[in-house]
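>
Number of protein chains: 2
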Amino acid sequence: MDRIDCLRAFVRCLEGGSFSVAASELGIGQPAVSKRIALLESEFGTQLFFRTTRKLRPTPEGHRIYDLARQILASFDQARVNIEENSLRPSGTLRVSVPSSFGRRYLMPVIAEYVRAYPGVRLDLRFSERFVNLVEEGVELALRIGKLESSTLVARRLGTVQRYLVATPGYLGGRAIPRTPEDLDAHQCIVYSRLSSASEWIFESEHGRHVASINGPLLVDDADAMQEAVMQHLGIAILPEWCAVAGLRSGQFKNLLPDFSIAALPLHAVYPETHWMSLRARSFLDLLIKRSGQFSTP
Amino acid sequence: MDRIDCLRAFVRCLEGGSFSVAASELGIGQPAVSKRIALLESEFGTQLFFRTTRKLRPTPEGHRIYDLARQILASFDQARVNIEENSLRPSGTLRVSVPSSFGRRYLMPVIAEYVRAYPGVRLDLRFSERFVNLVEEGVELALRIGKLESSTLVARRLGTVQRYLVATPGYLGGRAIPRTPEDLDAHQCIVYSRLSSASEWIFESEHGRHVASINGPLLVDDADAMQEAVMQHLGIAILPEWCAVAGLRSGQFKNLLPDFSIAALPLHAVYPETHWMSLRARSFLDLLIKRSGQFSTP
DNA sequence: CCCGATCATTCCCAACAGGAATAAATCATA
DNA sequence: TATGATTTATTCCTGTTGGGAATGATCGGG
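Quick mapping for you: the protein sequence lines, in order, are chains S and W.
Residue 1 is where the first sequence starts when you use our numbering, and the numbers rise one by one after that.
Residue 299 is where the second sequence starts when you use our numbering, and the numbers rise one by one after that.
1) Go ahead and label W/ARG442 buried or exposed: buried means 16 or more other beta carbons lie within 10 angstroms of its beta carbon, across all protein chains shown.
2) Can you give me the Cβ contacts of S/ARG126 inside the same chain, cut-off strictly under 8 angstroms, excluding the 5 residues immediately before and after it?
3) Using a Cβ-Cβ cutoff of less than 6 angstroms, which residues in the same chain neighbour S/LEU219 once the five nearest sequence positions on both sides are dropped?
4) Taking the straight line between their C-alpha atoms, what separation do you get for S/LEU234 and S/TYR106?
5) Just to make sure I have the definition right: I need the residues of chain S whose C-beta is within less than 9 angstroms of the C-beta of W/ILE363. Which are they?
6) Classify W/GLU480 as buried or exposed, calling it buried when 16 or more other Cβ atoms lie within 10 Å of its own Cβ.
7) Quick one: grab the DSSP three-state call for W/VAL437.
8) For S/LEU285, which option in S/VAL270, S/SER296, S/PHE295, S/THR168 has the closest C-alpha, if you only look at C-alpha atoms?
9) For S/ARG36, which residues of its own chain have a beta-carbon under 8 angstroms away from its beta-carbon, when the five flanking residues on both sides are left out?
10) Comparing C-alpha positions only, which one of S/ILE72, S/ARG80, S/PRO90 sits nearest to W/ALA377?
11) Comparing the C-beta of W/PRO570 with each C-beta of chain S, is any distance below 9 angstroms?
12) Cutting at 7 angstroms between CB atoms, please list the residues of its own chain near S/GLY29, excluding the five before and the five after it.
13) Please report the residue range of the alpha helix (DSSP H) in which W/ASP375 lies.
14) Taking the alpha-carbon of W/ARG454 as reference, which of W/GLY343, W/GLY472, W/PRO570 has the nearest alpha-carbon?
15) Among residues of its own chain, excluding the 5 on either side of S/ALA229, which ones have a beta-carbon nearer than 8 angstroms to its beta-carbon?
16) If I'm right that S/LEU172 touches S/LYS290 with Cβ under 8 angstroms, what's the distance once you round it to whole angstroms?
17) At a cut-off of 8 angstroms, would you count W/LEU366 as near the ligand MG, judging by its Cβ distance to the nearest heavy atom?
18) Hey, how far is the Cα of S/ARG57 from the Cα of W/PRO388?
19) Name the DSSP beta bridge partners of S/HIS268, please?
20) Would you mind telling me which residues of chain S sit closer than 9 angstroms to W/LYS552, beta carbon to beta carbon, in chain order?
21) Measure the alpha-carbon distance for W/GLY240 versus W/ILE512 and round it to whole angstroms.
22) For W/ASN553, which beta-bridge partners are listed by DSSP?
23) Could you name the residues of chain W that S/LYS55 contacts, counting a contact when the two beta carbons are closer than 9 angstroms?
24) Check for me: the beta strand (DSSP E) holding W/TYR412 runs from which residue to which?
25) Counting C-beta neighbours from all protein chains within 10 Å, is the total for W/ARG414 16 or more, i.e. buried, or is it exposed?
26) Show which residues of chain W have a CB atom less than 7 angstroms away from the CB atom of S/ILE311.
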């Protein structure tokens, strides 16, 4: 028997002066009220009402309990209201894990829109290339680029990230421009260390699959840093589109092996499976989905 | 499911950082804890913990609920303690209904003893000749003299009140002293109006039962007033022993018809039947029983 | 003295809480 | 990579219990 309900019944009885009235107010039968009061009385080991079939008068103990019951019910209802009113409008702290360079480049407009739309939410952006443990860090939503490791997380695909093999004319000057993946063997390759394919790059062409084994001198775990390294003429790298496009358009970067395609990477939002996804996370995800067209540069 | 217990489980989980630990602390199984948290989550419509099998971290809503839950549990436990500590020692207001003159004469020593013994109790003595409605007036215990009307009250016999037919020499002077009940017809009889036998007095002798019909000019509903009337030489009255004895001993009163006995009246303590008689009432009743020997003058 | 109102009790049924067993997941370690 | 230990979720089963209808008892009024 729910003691909150018992206390509620008790309060109604005391205020209404009758078990039957309280019963109909509570939408239950009169026997239920009798039992709830009886249960409270045995719970506290004391009588709460002097009562006959006609009169109902609280005992001194009843009066004492009444005050405390009001307090308890107020706290409980406050808890409910507190939560409910905050579930009409997103609120609380929403912690989101975002790949650093992707986030900085593509996400900021969405972030701005979200922050403006939901002023009740405190957004805690965690930029990181790592696949953080969501639960441990209290992260409700994460964006992830690349093939997902199997997990219990729910994944929602948001888009696709194209990648380009690029280098600067400054680096290429004097070197033989690669025509096939195999030619990369003779080049300085800058490797993104977080992908599983760190030691080999895979290309597809009409003739099938080509695997180039890489022995570059530089491993980096940040796309922006990799782009910077390319701009410093340090070598050839596979850059995600948001790092490559500007340079390609301006002519700073040359797109190498244009006839060989590099597998695009999927972009996912992932989150723990739960019966009760918070509204703040839900609305963030919805906004991500709505704006997912912006996550690539046509 | 008791939401108080659910909140308790929730608090233990948050503080202990684990469902299992909370379960063993609460002396229940781990599945029970899982279910209680799940119930709270559906109650509030929000997730309370980010959790995997290894980590447990409260959500923002969980934190908010935590504070309120602590408050609720504190109130509840306070209610319990409040009541329990007051049921070790009698406390509260004990309202007792007492026949006026009997109470003033015989009860005061017991009252004094009770008040000294149980300083936590506020004793609310209601002197009245009426048989008050206990529940309506919030009276937990009543002393009643005379035959009890049938009722649902529990009655505990405390003793017997002897009655005497008395008058003053001052009244009798010049009149014929009654020798038989029938002689009372020629006398001024002072009648106690509360007894059912208001219009006739009944005597017993070795020859059987005698009924004297009374036509006194004075009806009184207070024994002390009746005694006073006798002392004013207004007539003959049946006085309870505590009103009669002093006068009889001092010679102020003459005991009439000594060969005819007047039915003694029973003295009862009555109280509503209840599963949870308060300790204050219980101890008062116990004291009454222990001291019931004082309720007559040998 | 009967009638209406009210509370307590009984009885029955559906719902549910609780535990054991099991599944699933996570993390550490070999 | 595989295994084991630990922890939570789920399932299934059973005993308990909450709830209502019906009934009984009591009170107060006409």
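Virtual Cβ for every residue (Gly too), placed ideally from N, Cα, C.
Straight from the coordinates:
1) Buried.
2) These residues qualify, in order along the chain: ARG95, VAL96, SER97, VAL98, VAL132, GLU137, VAL139.
3) For S/LEU219, where only same-chain residues beyond five positions count, the Cβ hits under 6 angstroms are VAL191, SER193.
4) Distance between S/LEU234 and S/TYR106, taken at the CA atoms: about 26 angstroms.
5) Near W/ILE363 (Cβ distances below 9 angstroms), the residues of chain S are ALA79, ASN82, ILE83.
6) Exposed.
7) Here W/VAL437 sits in coil by DSSP.
8) It is S/VAL270.
9) Excluding positions up to five away in sequence, the list reads MET1, ASP5, CYS6, ALA9, PHE10.
10) Out of S/ILE72, S/ARG80, S/PRO90, S/ILE72 has the C-alpha closest to the C-alpha of W/ALA377.
11) By this cut-off, W/PRO570 is an interface position.
12) If you ignore the 5 residues before and after S/GLY29, its C-beta comes within less than 7 angstroms of the C-beta of ALA23, all in its own chain and listed in chain order.
13) Note, W/ASP375: alpha helix (DSSP H), 358-386.
14) If we check each option's Cα against that of W/ARG454, W/PRO570 comes out closest.
15) Excluding sequence neighbours, S/ALA229 sits near ILE190, LEU218, VAL220, GLY235, ALA237.
16) That pair is no contact at about 41 angstroms.
17) No copy of the ligand MG occurs in the structure displayed, which carries no ligand at all.
18) S/ARG57 and W/PRO388 have their C-alpha atoms roughly 20 angstroms apart.
19) DSSP lists S/ARG144, S/ARG157 as partners of S/HIS268.
20) Result: empty, since nearest Cβ-Cβ is about 46 angstroms, beyond 9 angstroms.
21) Because chain W in this structure spans residues 299 to 596, residue 240 of chain W falls outside the shown range and cannot be described.
22) For W/ASN553, which the question treats as bridged, DSSP gives the partners W/VAL464.
23) Within 9 angstroms Cβ-Cβ: ASN431, VAL433, GLU434.
24) Premise fails: W/TYR412 lies in the alpha helix (DSSP H), 406-415, not in any beta strand (DSSP E).
25) Exposed, since its Cβ has fewer than 16 Cβ neighbours within 10 Å.
26) Here chain S comprises residues numbered 1 to 298, so residue 311 of chain S is not present and cannot be evaluated.
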